[in-house]
Amino acid sequence: MTSTTSTPAAETARPDRAAATARRLSLLNVAFELRAFIALAVLIVVFSVLSDAFLTVPNLITMTKHVAINAVIALGMLLVILKGGIDLSVGSIVGLSGVVAGELLGGLHVGGVIAYPPVWVVIVLCVGVGALVGVVNGVLVTRFNVAPFIATLGMLYVARGAAMLISDGATYPNLAGNPAFGNTGFGLLGSGRPLGLPTSIWIMIVLAVAVVLLLAKSPFGRWLYATGGNERAADLSGVPIRRVKTIVYVISGACAAVAGLIIASELTSAAPQAGETYELNAIAAVVIGGAALSGGRGTVRGTLVGAFVIGFLADGLVILGVSTFWQILIKGAVIILAVMLDQGQQRFKRRGAAAAAVAATQHHDQPAPPPPVAATQHHD
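Take the sequence shown: its position 364, counting from 1, is numbered 358 in this note's numbering, and each next residue is one higher.
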């Protein structure tokens, strides 16, 4: 009589299948993480094929200059979204800061004398105006417990109305200044090219580096991610929740004011209507870049890539002569697709984590196969 023992194939196949599923879901998650880079690469390839003028150095610099304005606003918006909020007032702050700059550069009537502040004073005051609107947003959200959407929506109208009142609905047509008054130099923000690149691009780069350092190297960055991830737990851990919320709105308002100054400088004019719908572009850039609207997740790198996707898409459609109406429709579809992809990524991430846990458990619980038993024969 001969006896043999062996491990059933099904017992070893189950952990292998679970591990394979976990690996597949992990690869899909990586693809979702890189969706903004993939979208940007696809846009560049498609528009380069359809237009010879797209992938040229002058056009790339021009498009990046346009991207820089949205990116500056989006970097401030990223901080607000990281803590789980939203800032709808940034577009109006863009118009308000330009109007304030136009008013100051045109001279202030003080006691029968017209005073012309230097450009650096104008810039500081305009950025201060944007930060002040951010302070109001922060106070409404933290002290009066107004929902961020409602608080910033209200300030959207307040800031736009203030711009209309200051300018009386008119446009400031000439912001070049007069050497005799000492108020020249404002055009450097919009038309200057230090080291061959537009000033706005340098501002975007410097601001991006500053935000990266703020998030990665400062306690504030850790507080911000903690607040967005789980506000209650962060509060119990001693994180100054109210201060964090207020600061992000202040930074967002200041960034929007900088963008407004760049636009006014580039056009050498300021209109109270400037910046309309810019808040939507900023939110779209942050979401396309992989940030979660619920807070706690997002990066500067992703936000910049998202801004490039929005900017290159808009400029590429213009180069191809696509109707403005179609441009609006396509941009809206891209935003919806970005949110859907973000939701899909979260589902795949949860499934991948569950599959990895199952695979680890099955491998841990799998009994070691017994040593093979040599065949023996018994003779009667």
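Glycine residues also receive a C-beta, built at the ideal position from the N, C-alpha and C atoms.
- Listed in chain order, the non-local C-beta contacts of F31 below 8 Å within the same chain comprise V299, local neighbours out to five positions each way being set aside.
- In terms of Cβ geometry, N131 and G247 form a close pair [threshold 9 Å].
- For A170, there is no enclosing beta strand (DSSP E), as DSSP marks it with neither H nor E.
- M149 counts as buried, since no fewer than 16 other beta carbons sit within 10 angstroms of its beta carbon.
- Residue pairing for L102: DSSP places it in a beta bridge opposite A109.
- Selection R341, G100, L72, V74 evaluated against P173 yields G100 as nearest (Cα-Cα).
- Relative to the Cα of Q340, the nearest Cα in the group E27, G89, A14 belongs to E27.
- By the criterion of a C-beta distance shorter than 7 Å, V280 is surrounded in its chain by A68, M71, L72, I75, G292, T297, G300, once the five residues flanking it on both sides are discounted.
- Straight across, the Cα-Cα distance linking I144 with D336 is about 24 Å.
- Around the beta-carbon of Y151, fewer than 16 other beta-carbon atoms lie within 10 Å, marking it exposed.
- The segment 180 to 187 and the segment 40 to 52 do not touch, with fewer than three beta-carbon pairs separated by less than 8 Å.
- Exposed is the label assigned to S288, since fewer than 16 other Cβ atoms lie within 10 Å of its Cβ.
- In this structure, the straight-line span from the alpha carbon of S42 to that of A251 is close to 34 Å.
- Taking all protein chains shown into account, F319 has fewer than 16 neighbouring C-beta atoms within 10 Å of its C-beta and is therefore exposed.
- Per DSSP, N139 lies in no alpha helix (DSSP H) segment and is marked neither H nor E.
- A Cβ-Cβ separation of about 6 Å places V244 in contact with V129 under the 8 Å criterion.
- Between A170 and T262 the beta-carbon gap is near 5 Å, inside 8 Å, which marks them as a contact.
- The three-state secondary structure of A268, taken from DSSP, is coil.
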